[in-house]
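Participant: Take any residue in the sequence shown, count from 1 to its spot, add 52: that is its number in my numbering. Where is the CB? At the ideal position from N, CA and C, for every residue including glycine. Every value quoted in this text rests on a predicted model; they were computed, and no experiment measured them.
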Amino acid sequence: MIIAAISDLDVLGNDISEFFKLLKKMKEPDLLIFAGDMYEWANPKQYKKIQKAIKWKCPVVAVFGNREFPEDEKEIMKSAKKIKFLKDESITLKIKGKTVGIVGSRGVLDSPSFWQKMNINGIEEFYQEELETITRLLTELKTDIKILVTHYAPTYRTLTGEPMFIYSGLGTKRLEKVMKDTKVTLAIHGHAHYGRDFAVVGNIPVYNVCLCNNGKITIIDTDKL
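What follows is the structure, given as structure tokens:
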């Protein structure tokens, strides 16, 4: 199975034509994944343009990032109905004769941002609940291939290149054990603009698919894992 994945188009500003050019150069994958921050601040209408640019028939699955504000989620989902957005939920697909289970979430931060601490009551408890929800969803999946998609990094191992003192604000170490315990096949995330594009947790490949990280759409061949 060929997976194409990308995130963090926010680095392009309001002109995401570079992303559209990358799409045109590609062969159709079996699955397309967006790992959040697919536009710059307060521009949810970009998703309508993104959906229009996708000419393929393959499933398209996405999670929200920190740029996609919660108050914009309904508008985004309404304008891009062909994209399946996962908000702390799972989906099972049948691709090339195999069942493919995907758990999708914004993810977990070990240290909430300053803004979050000042503006969201109980944010530490919220992220603990997110961790428990992701764990439950992964445990419940009984599929041939199990994929975790988050915006925030599910490990610190893909954060090399970022300042170490902000690792806890870019993701979590706590999902490493969860991924191993629930036998995740692979994990995909964004958010870490200056991190590594790939790392391994146990025997689980983890892909940081930020556009600014590698300048392209990440291609994953699950038959070669």
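Terminal residues of the continuous beta strand (DSSP E) containing D41?
Facilitator: Beyond the ends of the chain as shown, which are 53 and 277, falls residue 41; an answer cannot be given.
Participant: Would you mind reading off the limits of the beta strand (DSSP E) that contains Y259?
Facilitator: Locating residue 259 in the sequence shown gives position 207, where the first residue counts as 1. Note, Y259: beta strand (DSSP E), I256 to N260.
Participant: Report the start-end ranges of each beta strand (DSSP E) in the segment 116-196 that is 3 residues or longer and not cut off at the edges.
Facilitator: Here the runs fully enclosed are 135-137, 141-147 and 150-157.
Participant: Have a look at the DSSP bridge pairing and note the partners of A114.
Facilitator: For the purposes of this step, residue 114 is taken as the residue at position 62 of the sequence shown. DSSP output for A114 lists F86 and F137 as bridge partner(s).
Participant: With a Cβ-Cβ cutoff of 8 Å, do G117 and D89 count as a contact?
Facilitator: Along the sequence shown, one-based indexing puts residue 117 at 65. Along the sequence shown, one-based indexing puts residue 89 at 37. The answer is yes: Cβ separation under 8 Å.
Participant: How close, in whole Å, do the beta carbons of N260 and A244 come, if the pair is a contact with beta carbons under 8 Å?
Facilitator: Along the sequence shown, read from residue 1 onward, the residue named residue 260 stands at position 208. Along the sequence shown, read from residue 1 onward, the residue named residue 244 stands at position 192. Correct: roughly 5 Å between the Cβ atoms.
Participant: Which whole-angstrom value describes the C-beta separation of T237 and L190, a residue pair presumed to lie in contact below a C-beta threshold of 8 Å?
Facilitator: Indexing the sequence shown from 1 puts residue 237 at position 185. Indexing the sequence shown from 1 puts residue 190 at position 138. Their Cβ separation, rounded to whole angstroms, is 11 Å, which puts T237 and L190 out of contact at 8 Å.
Participant: What residues match up with A105 in a beta bridge as DSSP calls it?
Facilitator: As a position in the sequence shown, residue 105 is number 53, starting the count at 1. None; A105 has no bridge partner.
Participant: Would you mind reading off the limits of the beta strand (DSSP E) that contains L238?
Facilitator: By one-based count along the sequence shown, residue 238 stands at place 186. Note, L238: beta strand (DSSP E), L238 to H241.
Participant: Nearest by alpha-carbon distance to L183: which of G223, S165 and K101 is it?
Facilitator: What you label residue 183 is simply residue 131 of the sequence shown in a count that begins at 1. Of the candidates G223, S165 and K101, the one whose C-alpha sits nearest the C-alpha of L183 is G223.
Participant: In whole angstroms, what separates the C-alpha of T144 from that of D249?
Facilitator: Taking the first residue of the sequence shown as position 1, residue 144 is located at position 92. Taking the first residue of the sequence shown as position 1, residue 249 is located at position 197. Computed Cα separation, rounded: 26 Å.
Participant: Please look up how many angstroms separate the CB atoms of L64 and F72, rounded, as I've assumed it's under 8 Å.
Facilitator: By 1-based counting over the sequence shown, the position of residue 64 is 12. By 1-based counting over the sequence shown, the position of residue 72 is 20. Wrong, their Cβ atoms sit about 10 Å apart, outside the cutoff.
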